[in-house]
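Enquirer:
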Amino acid sequence: MADKWWKDSVVYQIYPRSFMDSDGDGIGDIPGILSKLDYLKRLGVDVIWLCPVYESPNDDNGYDISDYRSILSEFGTIADWEELLAQIHARGMKLIMDLVVNHSSDEHAWFVESRKSKDNPYRDYYIWRPGADGGEPNDWGSFFSGSAWQYDERTEEYFLHLFSKKQPDLNWENPKLRQDVYDMMAWWLDKGIDGFRMDVINLISKNPALPRVEQGEGWRFGGEHFMNGPRVHEYLQEMNREVLSKYDIMTVGETIGVTPEDAALYVGEERNELNMVFHFELMDVDSGPHGKWDLKPWDLRDIKRIIAKWQTGLEGKGWNSLYLNNHDQPRMLSRFGDDRTYRKESGKMLATLLHTLQGTPYIYQGEELGMTNVRFASIESYKDIETLNMFAEQLAAGRDEADIMNAIYAKGRDNGRTPMQWDGSEHAGFTTGTPWIAVNPNYPDINAEQAVNDPDSIFHYYRQLIALRREHDVTGYSGFRLIGEEDERVFAYVRSRGEESLLVVLNFFGDQAEFRLPEEIGFSRAERLIGNYDPPANLRRALLRPYEAQVYRLF
Ligand code: ISL
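Just so you know, the sequence shown maps onto residues 21 to 575 in our numbering.
1. Just how far apart, CA to CA, sit I34 and V297?
2. Cβ-heavy atom distance between D434 and ligand 1 below 7 Å?
3. Hey, M117 and F241: beta-carbon distance below 8 Å or not?
4. Looking at the secondary structure, which residues open and close the alpha helix (DSSP H) in which K329 lies?
5. Tell me whether K186, by its Cβ, gets closer than 7 Å to a heavy atom of ligand 1.
6. Shortest alpha-carbon distance to G161 belongs to which of V514, I541, E413, D554?
7. What do you get for H447, buried or exposed, if any count of 16 or more other CB atoms within 10 angstroms of its CB means buried?
8. Roughly how many angstroms separate the alpha carbons of H347 and N222, rounded to a whole number?
9. Determine the contact status of Y145 and L197, defining contact as a CB-CB distance below 8 Å.
10. Within the region 351-397, note down every full beta strand (DSSP E) run reaching 3 residues or more, in order along the chain.
11. Buried or exposed: I98, going by 16 or more other Cβ atoms within 10 Å of its Cβ?
12. Measuring only from the beta carbon, is F183 closer than 7 Å to any heavy atom that is part of ligand 1?
13. Helix, strand or coil for Q349, going by three-state DSSP, please let me know.
14. For F216, is the beta carbon positioned less than 7 Å from some heavy atom of ligand 1?
15. If W8 sits next to N295, beta carbons under 8 Å apart, how far is it from one beta carbon to the other, in whole angstroms?
16. Which one or two residues does DSSP pair with Q570 in a beta bridge?
17. Check the DSSP bridge columns for H123 and list the partner residues they point to.
18. Between the C-alpha atoms of L370 and G357, what's the straight-line distance to the nearest angstrom?
19. Helix, strand or coil for R489 per DSSP?
20. CB-CB under 7 Å to L549, same chain, minus the five flanking residues each way: which ones, in chain order?
21. Less than 8 Å separating the beta-carbons of A514 and T372?
22. According to DSSP, what are the bridge partners of W169?
23. On the three-pair Cβ rule with 8 Å, is the region 37-46 touching the region 442-458?
24. State the Cα-Cα distance for the pair F246 and Y343, rounded to the nearest angstrom.
25. Assuming I50 contacts D87 (C-beta within less than 8 Å), just tell me the rounded distance between them.
26. Anyone know if the C-beta pair for E102 and S90 falls short of 8 Å?
27. What do you reckon, is the C-beta of K316 under 7 Å from a heavy atom of ligand 1?
28. For the putative contact between P350 and K431, defined by C-beta atoms under 8 Å, what is the C-beta separation to the nearest angstrom?
29. Does W207 pass the burial test, meaning 16 or more other C-beta atoms within 10 Å, or should it be called exposed?
30. Assuming I424 and T438 form a contact by the criterion Cβ under 8 Å, report the distance between their Cβ atoms to the nearest whole angstrom.
31. Whose C-beta lies closer than 8 Å to the C-beta of S544 among residues of the same chain, with five residues either side of it excluded?
32. Just checking my contact of G249 with S225 at CB under 8 Å: how many whole Å lie between their CB atoms?
33. The alpha helix (DSSP H) that contains K196, what's its start and end?
34. Is the beta carbon of F300 less than 8 Å from the beta carbon of Q378?
35. Is any non-hydrogen atom of ligand 1 found closer than 7 Å to the C-beta of K226, if you look at the structure I gave you?
36. Can you tell me where the alpha helix (DSSP H) with S265 in it begins and where it stops?
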């Protein structure tokens with residue numbers, strides 16, 4: 021077993037709005053989560069990461085927080101939350117909370133004060149600038165379309181918002197703001213939570229000169245001026261010293277645009293910053309030069325190269341986080357597997373990958389059921405601000421509507437936000453009312469009740485993988501060696517522990533694929549640990565079946 025509990029853990033991510041509704045208002049809530057804890061315990065996960073449940077006007081579904089110390093009434097009360105924490109702990113699981121401190125809501129009391137006057141004590145809690153040449157202070161675009169600046173008439177200045185205009189960026193240069201954030205973090209930690217997932221934490225330090233990206237018209241991605249900015253490590257070390265180091269917790273930072281070299285600075289064991297980061301390199305493999313909405317097919321060799329780079333890049337330096345989807349991404353099964361003909365096989369194959377690498381696996385709600393992307397007929401059914409803003413912007417720019425819808429079908433964040441499919445009853449058993457976003461129409465076939473009753477389901481395969489991690493100490497393997505780097509169809513790798521090795525062989529496609537184990541990988545005995553087909557393939561030379569995944573112990 022590893023030296024830190026979070027290295028041996030499997031994390032389950034809950035997007036509360038879409039998980040389980042207990043009171044029929046169509047919105048998932050905390051009592052709903054409570055009613056499903058036994059389901060999560062049965063799955064075998066160790067840690068629950070709860071996306072934001074704080075007071076919020078919900079411009080970005082809770083990632084715009086107006087009060088960091090209270091629970092959104094749609095989700096329940098602080099007493100419900102206390103009960104949730106107690107019940108999670110009573111089952112031997114842990115709870116980590118989302119920490120969103122790159123920005124707050126514009127309805128947060130700090131911002132309400134800040135916008136009042138230039139000499140308000142809270143003015144410097146946010147990033148205000150006068151206009152330049154009669155327009156915005158610079159050419160940075162928002163992640164959610166348009167300019168990253170919003171003009172405020174009252175003081176005739178602009179404030180920075182890297183996300184929506186209802187999400188003003190906090191000014192981390194201000195030590196008072198930092199202290200308020202640390203106090204708030206300690207307030208939650210003192211309630212007994214087990215850590216934080218930190219939203220876009222590598223964006224908190226901006227180049228104070230706020231330079232333009234280029235000259236000329238238009239909004240551009242200003243990442244070079246705010247990703248891994250000049251003081252980010254100083255801030256995180258301060259946060260660690262003031263707060264994190266005082267508790268036995270785990271931290272995972274969401275970090276956009278980081279390489280393994282950057283990541284080592286956040287998670288290096290001697291650096292006293294964070295335990296893990298989420299990188300985005302795999303999330304970019306199917307994007308063209310114009311970004312996320314510019315669709316491009318992925319190439320398995322890129323996926324292999326990126327995973328190998330992170331596995332070896334952090335070796336001996338830091339811990340990886342392993343995910344292929346979350347509330348911001350399409351469903352992994354639709355994106356990297358086959359959500360029609362080989363749903364079960366490909367869902368299990370992708371799970372095998374995530375649970376046999378170095379690092380901590382993160383399961384996003386519904387992944388364990390093999391939930392898929394959704395295709396709503398019209399834009400009216402979509403709710404996500406990123407999607408809606410992009411649709412309006414690209415339509416105005418003249419992009420064909422059907423083409424935009426195809427991009428949304430492939431990449432839209434609502435793919436991951438349709439309600440959990442609990443059973444075959446109306447609205448998949450998620451709510452007795454009208455769900456805030458429609459249920460995926462495939463719920464009669466894909467749902468938890470069906471999966472729990474089917475011994476061959478993706479759900480039970482996840483249980484086995486999680487159990488294997490524990491019983492066979494999968495965390496204890498080290499190293500990562502890719503086999504057949506240039507193979508376009510099969511992903512195979514070896515990890516080792518003393519004299520024995522773990523061999524993982526994955527067919528990433530729906531056709532048969534040939535696999536040969538190189539002669540130099542010597543062993544006298546092989547034991548199949550887990551796989552999605554029986555009997556397992558012959559090891560030395562196999563014709564792998566569609567999406568076949570096999571894991572062997574060689575010794
Ligand atoms: O994936 C993305 C790139 O288009 C974005 O959807 C996403 O906004 C980005 O990854 C940052 O995500 C986090 O911060 C956002 C929030 O909307 C996301 O839900 C959150 O995970 C702003 O708080």
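C-beta atoms are modelled at their ideal positions from N, C-alpha and C, and glycine is treated no differently.
Expert: On the basis of the coordinates in this document:
1. Within the sequence shown, numbered from 1, the residue matching residue 34 stands at position 14. Within the sequence shown, numbered from 1, the residue matching residue 297 stands at position 277. When rounded, the distance between both Cα atoms is 18 Å.
2. Numbered from its first residue, the sequence shown carries residue 434 at position 414. No, Cβ of D434 sits at least 7 Å from all heavy atoms of ligand 1.
3. Walking along the sequence shown from the start, residue 117 turns up at place 97. Walking along the sequence shown from the start, residue 241 turns up at place 221. No, they are not a contact pair.
4. Looking up residue 329 in the sequence shown gives position 309. Run containing K329: 320-333, per the alpha helix (DSSP H) assignment.
5. Counting from 1 along the sequence shown, the entry for residue 186 is found at position 166. Result no, Cβ not under 7 Å from ligand 1.
6. Start at 1 with the first residue of the sequence shown, and residue 161 comes out as number 141. Of the candidates V514, I541, E413, D554, the one whose C-alpha sits nearest the C-alpha of G161 is E413.
7. Numbered from its first residue, the sequence shown carries residue 447 at position 427. H447 should be labelled buried.
8. Mapped onto the sequence shown, residue 347 falls at position 327. Mapped onto the sequence shown, residue 222 falls at position 202. Approximately 19 Å between the Cα atoms of the pair.
9. By one-based count along the sequence shown, residue 145 stands at place 125. By one-based count along the sequence shown, residue 197 stands at place 177. The answer is yes: Cβ separation under 8 Å.
10. 380-384
11. Counting from 1 along the sequence shown, the entry for residue 98 is found at position 78. Classification for I98: exposed.
12. Position 163 of the sequence shown, counted from the first residue, corresponds to residue 183. Yes, the beta carbon of F183 sits closer than 7 Å to at least one heavy atom of ligand 1.
13. Residue mapping note: residue 349 aligns to position 329 of the sequence shown, counting from 1. Coil, per DSSP.
14. Within the sequence shown, the letter at position 196 stands for residue 216. False, no ligand heavy atom lies under 7 Å from that Cβ.
15. In the structure as shown, the chain begins at 21 and stops at 575. Residue 8 is therefore absent and cannot be evaluated.
16. The residue you call residue 570 lines up with position 550 of the sequence shown. Paired residues: V525, G551.
17. For this step, residue 123 is matched to residue 103 along the sequence shown. For H123, which the question treats as bridged, DSSP gives the partners D189.
18. Counting from 1 along the sequence shown, the entry for residue 370 is found at position 350. Counting from 1 along the sequence shown, the entry for residue 357 is found at position 337. Computed Cα separation, rounded: 7 Å.
19. Taking the first residue of the sequence shown as 1, we reach residue 489 at position 469. Helix.
20. The sequence position of residue 549 within the sequence shown is 529, counting from 1. Closer than 7 Å at the Cβ level, and outside the excluded window around L549, lie L488, H492, V571, Y572, R573.
21. The residue you call residue 514 lines up with position 494 of the sequence shown. The residue you call residue 372 lines up with position 352 of the sequence shown. Correcting the residue identity first, residue 514 is Val in this sequence and not Ala. For V514 and T372, no; Cβs fall outside 8 Å.
22. By one-based count along the sequence shown, residue 169 stands at place 149. DSSP lists L180 as partners of W169.
23. yes
24. Position 226 of the sequence shown holds residue 246. Position 323 of the sequence shown holds residue 343. So the alpha carbons of these two residues sit roughly 24 Å apart.
25. The count along the sequence shown starts at 1 and reaches residue 50 at position 30. The count along the sequence shown starts at 1 and reaches residue 87 at position 67. 16 Å between Cβ atoms; not a contact.
26. As a first step, residue 102 is located in the sequence shown; it is residue number 82 there, counting from the start. As a first step, residue 90 is located in the sequence shown; it is residue number 70 there, counting from the start. Taking 8 Å as the Cβ cut-off, E102 and S90 do not qualify as a contacting pair.
27. Looking up residue 316 in the sequence shown gives position 296. For ligand 1, not one heavy atom lies less than 7 Å from the Cβ of K316.
28. The sequence position of residue 350 within the sequence shown is 330, counting from 1. The sequence position of residue 431 within the sequence shown is 411, counting from 1. About 6 Å; that satisfies the 8 Å criterion.
29. Mapped onto the sequence shown, residue 207 falls at position 187. Result: exposed.
30. Indexing the sequence shown from 1 puts residue 424 at position 404. Indexing the sequence shown from 1 puts residue 438 at position 418. About 19 Å separates the two Cβ atoms, so there is no contact after all.
31. Here residue 544 is taken as the residue at index 524 of the sequence shown, counted from 1. The answer, listed in chain order, is F575.
32. The residue you call residue 249 lines up with position 229 of the sequence shown. The residue you call residue 225 lines up with position 205 of the sequence shown. That belief holds up - the Cβ atoms of G249 and S225 are roughly 3 Å apart, short of 8 Å.
33. Stepping through the sequence shown from its first residue, residue 196 is reached at position 176. 195-210 is the extent of the alpha helix (DSSP H) around K196.
34. Position 280 of the sequence shown holds residue 300. Position 358 of the sequence shown holds residue 378. Result no, Cβ atoms of F300 and Q378 do not sit closer than 8 Å.
35. The residue labelled residue 226 in the question sits at position 206 within the sequence shown. Outside the cutoff, so no.
36. The residue labelled residue 265 in the question sits at position 245 within the sequence shown. Careful: S265 lies outside any alpha helix (DSSP H) and carries neither H nor E.
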